[in-house]
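Novice: Okay, handing you the structure first.
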Ligand SMILES: Nc1ncnc2c1ncn2[C@@H]1O[C@H](COP(=O)(O)OP(=O)(O)O)[C@@H](O)[C@H]1O
Ligand SMILES: [Mg+2]
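Numbering (the working numbering), first residue to last: 88 to 546.
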């Protein structure tokens, strides 16, 4: 038997043993006393009834009492000679099929009965292994004997106790068998859970299927949940770690390129090779590095800053972002197509200053990279969310691993060639903000159209 089973078996066996011992001791010592006490109470009740009821028809009255209480009643005129009295009473008892070995009312007792004191006397019948319990009452100058035969209870208790030992043996063996089955039922799933926990500790995030409909099943569910969450957290950490590594090498590269250019052109100027454009190039590279540093600072700020979520007017926020780009759009002859299928009073719930950064980035990208003349912006109400989409034409080839667009420093080859692209940190900032808000977002590419979508939660 397993350890749990052993513990269960020992505890239950001890409890049963205690219970049996207690009931055996009760049988032996307390029960006989209690039995006698009950008989005496019954005799007292009969005596009381005899005393208080007037008895014009003595025989009928006695017969009724005998039936009602299941006792034997005999009576006799109180004689001065107690020998005669005793023999008469014995004879009458014998007539009622009560043959007693020992029955003798002593002079003393008789005297007390005469004085009106009811007497309770127990006559042990020796080898008959019983006693005759009597109540002696005086009524209308008669002595009444109310008697009941009682067995010697202690001997009966001994027999019962012997029998109980057999019962105890049987109970214990049945119980041990049941405990064995039950403990297996409990420990088998526990064993599975232990194995799973060990697997999880080795970063093997498994799950179990235990259906016991009890606390063990609840434990299994919790472990499954824990496994899931640990898996997500672990993968997330791994991904972040990888991103960080790549980020570090990218940053170095991004900084090194303009620096080496600056150096080369500066040396060119020093050597008198300048054709009049060198200084321009150096200044442009300085601008690049400076804006890269600005964006890096911005990136680290959005990663760090606390979110101040509140409800705000999303429509106004989008409009105020678009206003900033009016002149640029006019210059590039780009027009806006805005669709709003939402209640104008609707409010979203997020950190508005961060969301402003998101919209600015998406709008500025659309203006910068569109290959067409129209940018489509839509606001739709979908259940508990407001769906924001921004769409423009693109020459990004299809299929493209469009998800890479969110990576820091990723700039499309095409945009780089056209010298349009910036640092490649814009969408990484957008992603970081939306992820921290746990807002659903994404990008789709189809038919030369690129669409960014965000599901803002309603306030
Ligand atoms: N609206 C868009 N249309 C087409 N290409 C886009 C759009 N937005 C982003 N891109 C592509 O994704 C790349 C990364 O964008 P982003 O992270 O904002 O960096 P950046 O704008 O500094 O280049 C861009 O270089 C561009 O190739
Ligand atoms: Mg950008």
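A virtual CB, placed ideally from N, CA and C, is assigned to each residue, including glycine. Remember, predicted model here, so these are calculated numbers, not experimental data.
#1: At a threshold of 7 Å, does residue 537 count as lining ligand 1 (C-beta to nearest heavy atom)?
#2: What residues sit near ligand 2, counting only those whose C-beta is closer than 7 Å to one of its heavy atoms, in chain order?
#3: Below 8 Å on the Cβ atoms is my contact criterion, and I expect residue 179 with residue 161 to pass it. Report the Cβ-Cβ distance as a whole number of Å.
#4: Kindly provide the ranges of any beta strand (DSSP E) runs that are 3 or more residues long and lie completely inside the stretch 111-178, ordered along the chain.
#5: Just grab the DSSP bridge partners of residue 422 for me.
#6: Measuring only from the beta carbon, is residue 383 closer than 7 Å to any heavy atom that is part of ligand 3?
#7: Tell me whether residue 484 sits in a helix, a strand or coil according to DSSP, three-state version.
#8: Using a Cβ-Cβ cutoff of less than 7 Å, which residues in the same chain neighbour residue 494 once the five nearest sequence positions on both sides are dropped?
#9: So, residue 92 versus residue 260, is the Cβ gap smaller than 8 Å?
#10: Are the stretch 417-427 and the stretch 459-477 touching, with three or more C-beta to C-beta distances below 8 Å?
#11: For residue 256, which three-state DSSP category applies?
#12: If contact is defined by three or more beta carbon pairs under 8 Å, each pair taking one atom from either stretch, is the stretch 362-373 in contact with the stretch 401-420?
#13: Is residue 409 near ligand 1, in the sense that its beta carbon is under 7 Å from a heavy atom of that ligand?
#14: Starting from the N-terminal side, write out each stretch of the alpha helix (DSSP H) that is 4 residues or longer and does not extend beyond the stretch 400-448.
#15: Would you say the beta carbon of residue 479 comes nearer than 7 Å to a heavy atom of ligand 1?
#16: When you compare the stretch 439-446 with the stretch 392-401, are there three or more beta-carbon pairs, one atom per stretch, that lie closer than 8 Å?
#17: Taking the alpha helix (DSSP H) that residue 353 falls in, what are its first and last residues?
#18: Any C-beta of chain C sitting closer than 8 Å to the C-beta of residue 447?
#19: Report the rounded CA-to-CA distance for residue 116 versus residue 216, giving the unit in angstroms.
#20: Would you be able to state if there are at least three C-beta pairs under 8 Å between the stretch 304-319 and the stretch 334-343?
#21: Between residue 279 and ligand 1, is the CB less than 7 Å from at least one heavy atom?
#22: For residue 496, which option in 379, 236, 289, 255 has the closest C-alpha, if you only look at C-alpha atoms?
#23: Answer yes or no: do residue 517 and residue 449 have a C-beta to C-beta separation smaller than 8 Å?
Specialist: Quick look at the numbers:
#1: yes
#2: 448, 451, 452, 455, 509, 513, 514
#3: 4 Å
#4: 159-164
#5: 461
#6: Although ligand 3 was asked about, the structure shown includes only ligand 1 and ligand 2 as ligands.
#7: coil
#8: 515
#9: no
#10: yes
#11: helix
#12: no
#13: no
#14: 401-411, 413-419
#15: yes
#16: yes
#17: 302-357
#18: Given the protein chain composition of this structure (a single chain), no chain C is represented.
#19: 17 Å
#20: no
#21: no
#22: 379
#23: yes
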